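Using our numbering, read the sequence shown as starting at 418 and increasing by one per residue.
A virtual CB, placed ideally from N, CA and C, is assigned to each residue, including glycine.
Quantities reported herein were computed from a predicted structural model and do not represent experimental measurements.
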Amino acid sequence: HCGSCWAFASVGSIESLFKIQKDKTLDLSEQELVNCDTMSHGCDGGFGDTALDYVKDHGLSRTKDVPYHGKTENCFRRFLDKLFIKSYMVAEGKDILKKSLVMSPTIVYIAATNDLTMYKSGIYNGSCAKDVNHAVLLIGEGYDELLNKRYWIIKN
């Protein structure tokens, strides 16, 4: 098991914003972040902000050039066809999730338990772990009138 959720959430945020702004689909390499983001820990976990710093400084290859293998490998940065970002924002404060969604899909961290791996559909109402341990991409919010419940839409 490779703990690369941080890389998938980070890449997902870039790909989603690119689709929103340019109406073009990208397939960027999570594996390059796992291998090369030295401020994170590869398959042992990492951080969205350091991943985005990596993309800002070094660019990010396409998945076709650095496919996902689910393990930490040596870092190779030889590919020329890379996407760079100019900046990113770390949001803080009251109602920040709603505010951040106005601008772009947002990397968030949750306290996930093993029952999240069994989730199939609907509103997840499972338990929370003691500590934050999983990165996901927040892409929207909704309201279920039958349950009278607000919910977040995430890409896991």
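(request) Determine the direct distance from the alpha carbon of Glu432 to that of Leu445, and round the result to whole angstroms. (result) Residue numbering aside, residue 445 sits at position 28 when the sequence shown is read from its first letter. Residue numbering aside, residue 432 sits at position 15 when the sequence shown is read from its first letter. Taking the straight line from one Cα to the other gives about 7 Å.
(request) Spell out the partners DSSP gives Arg551 in its beta bridges. (result) Taking the sequence shown and counting its residues from 1, one reaches residue 551 at position 134. The sequence shown places His at residue 551, not Arg. In the DSSP output, where bridge partners are listed per residue, His551 has Ile527.
(message) Taking 6 Å as the limit between beta carbons, can you name the residues of its chain near His551, skipping five residues before and five after?
(response) For the purposes of this step, residue 551 is taken as the residue at position 134 of the sequence shown. So the qualifying residues of the chain are Cys422, Ile527 and Ala529.
(request) Find the nearest neighbour of Ile437 within the set Lys566, Val549, Tyr560 and Leu518, judged by alpha-carbon distance. (result) Position 20 of the sequence shown, counted from the first residue, corresponds to residue 437. The candidate whose alpha carbon is nearest that of Ile437 is Leu518.
(request) Taking all protein chains shown into account, decide if Gly465 is buried (16 or more other Cβ within 10 angstroms of its Cβ) or exposed. (result) If you number the sequence shown from 1, residue 465 lands on position 48. With 16 or more other Cβ atoms within 10 Å, it is buried.
(request) Please confirm if the stretch 494 to 502 is in contact with the stretch 542 to 560, defined as three or more CB-CB distances below 8 Å between the two stretches. (result) no
(message) I'd like to confirm something about Glu449: is its beta-carbon nearer than 7 Å to some heavy atom of the ligand FMN, or not?
(response) What this structure holds is no ligand at all, so the ligand FMN is not there to describe.
(request) State the Cα-Cα distance for the pair Val472 and Leu563, rounded to the nearest angstrom. (result) Working through the sequence shown from its first residue, we reach residue 472 at position 55. Working through the sequence shown from its first residue, we reach residue 563 at position 146. Val472 and Leu563: Cα-Cα distance of roughly 42 Å.
(message) Gly429 and Leu533 - do their beta-carbons sit closer together than 8 Å?
(response) Translated into positions along the sequence shown, residue 533 becomes position 116. Translated into positions along the sequence shown, residue 429 becomes position 12. Going by C-beta atoms, Leu533 is not nearer than 8 Å to Gly429.
(request) Can you tell me which of the three DSSP states Lys488 falls into? (result) As a working mapping, residue 488 is identified with position 71 in the sequence shown. It is coil, neither helix nor strand.
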